[in-house]
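Scroll down for the structure; my scribbles are underneath it.
Protein chains: 2
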Amino acid sequence: MATLGDLERAVMDLLWEHQEAITANTLRDLLTQRTTGDDTVAARPLAVTTVLTVLSRLEKKGLVERERSSRPHRYHAVTSREDHTAELMLEVLGSAPDREAVLARFIGTVSSGEAETLRKLLGR
Amino acid sequence: MATLGDLERAVMDLLWEHQEAITANTLRDLLTQRTTGDDTVAARPLAVTTVLTVLSRLEKKGLVERERSSRPHRYHAVTSREDHTAELMLEVLGSAPDREAVLARFIGTVSSGEAETLRKLLGR
DNA sequence: GACAACTTTCTACGTACTGTAGAAGTACTA
DNA sequence: TAGTACTTCTACAGTACGTAGAAAGTTGTC
């Protein structure tokens, strides 16, 4: 699949937070706020074209869809964040010829609460 | 952590296959064979300096260690492939604010045999 | 229907990472 | 010490990403 840059990741995070599709301008505003929130010094706002470029790239990567019908195009994530993350994990795991050994190590590190959840999910 | 390029990945795979440390020249030979094995047309062998560059980069990334004592330096992976893969998976999961939801989706996709393994690993 | 305001597309540049390897430097062996 | 084997330095091309101006397209309104 695709690896995301910092800005791409930030855009995806915002799209994931918003269930409904939003515009590039809205995203730009949200991104500016985000940066302001941090300690990052001068939160110079991004140009809208920058956001649009990133959105185009994300669209090409299949992570984002745009509604061309509405005039300011509206963008939304194709999959949920959880699905995306799970897919990434599977992708990482998939390339391993020793899946069970990997799973063993993986399981060894999740919190006990999560282990409990896993037990339930696995049934019996 | 670090993302690996194709050649870097191929080198790591070879280092993981060999429990003992090996030299850049050996690696170069193995890499050449690998390429020949594939359908890839002309298996032009890599220059040793190419392999050495890649090894240096992997060393910088903390994935490889070299024994400078032995004259042709010998290289070996710092962690096992399984540990590395498990770490990558955790890294992907770690960035999620909805870990349990991700785990649920993840679990839904492993094979039944693996699910059985997981059950055992989770105890009780 | 023409203009102004807004939106999207095209093009571009700097930086970082990766594949690739020659040139130059270092060390070991006979 | 000279030759060979190995390592380090330097470099370049391709791609990905952050960034955005210039140009082109759209739409509402007078």
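As you go down the protein sequences, you meet chains D and W in turn. Residue 124 is where the first sequence ends in the numbering used here, and the numbering goes up by one at each step. Residue 248 is where the second sequence ends in the numbering used here, and the numbering goes up by one at each step. Built from N, CA and C at the ideal position, the CB exists for glycine as well.
From residue i to residue j, what does the alpha carbon distance come to, in whole angstroms?
i: leucine 88 (chain D); j: glutamate 17 (chain D); result: 19 Å
i: valine 216 (chain W); j: aspartate 13 (chain D); result: 14 Å
i: serine 69 (chain D); j: glutamine 33 (chain D); result: 28 Å
i: serine 235 (chain W); j: glycine 123 (chain D); result: 14 Å
i: alanine 24 (chain D); j: arginine 223 (chain W); result: 29 Å
i: leucine 4 (chain D); j: glutamine 143 (chain W); result: 33 Å
i: proline 97 (chain D); j: histidine 84 (chain D); result: 22 Å
i: leucine 121 (chain D); j: leucine 15 (chain D); result: 28 Å
i: glycine 232 (chain W); j: glycine 94 (chain D); result: 14 Å
i: aspartate 130 (chain W); j: threonine 173 (chain W); result: 17 Å
i: serine 80 (chain D); j: arginine 28 (chain D); result: 21 Å
i: lysine 185 (chain W); j: histidine 197 (chain W); result: 18 Å
i: threonine 150 (chain W); j: glycine 237 (chain W); result: 37 Å
If contacts are defined as beta-carbon pairs under 8 Å, then residue i and residue j qualify, I think. What distance do you get, rounded to the angstrom?
i: leucine 103 (chain D); j: threonine 241 (chain W); result: 6 Å
i: glutamate 132 (chain W); j: valine 178 (chain W); result: 6 Å
Residue j and residue i - do their beta-carbons sit closer together than 8 Å?
i: leucine 131 (chain D); j: alanine 77 (chain D); result: The displayed coordinates of chain D run from 1 to 124. Any statement about residue 131 (chain D) would go beyond what the structure contains.
i: tyrosine 75 (chain D); j: alanine 2 (chain D); result: no
i: leucine 46 (chain D); j: leucine 31 (chain D); result: yes
i: arginine 105 (chain D); j: alanine 210 (chain W); result: yes
i: glutamate 82 (chain D); j: alanine 225 (chain W); result: yes
i: glutamate 65 (chain D); j: glutamate 59 (chain D); result: yes
Let me confirm a value: residue i is counted as buried when at least 16 other C-beta atoms fall within 10 Å, else exposed. Which label applies?
i: arginine 71 (chain D); result: exposed
i: valine 135 (chain W); result: buried
Would you list, in chain order, the members of the region 80 to 97 of chain D that have their beta-carbon closer than 7 Å to a beta-carbon of chain W?
-> Those would be Arg81, Glu82, Asp83, Thr85, Ala86, Leu88, Met89, Leu90, Val92, Leu93, Ala96, in chain order.
Which residues, in chain order, does the region 227 to 242 of chain W contribute to contact with chain D at a C-beta distance below 9 Å?
-> For the region 227 to 242 of chain W, the set of residues with a beta-carbon nearer than 9 Å to any beta-carbon of chain D comprises Leu227, Ala228, Arg229, Phe230, Ile231, Gly232, Thr233, Val234, Ser235, Gly237, Glu238, Ala239, Glu240, Thr241, Leu242, in chain order.
Pull out every residue of the region 7 to 19 of chain D whose Cβ sits closer than 7 Å to any Cβ of chain W, in chain order.
-> From the region 7 to 19 of chain D, no residue has a Cβ closer than 7 Å to chain W.
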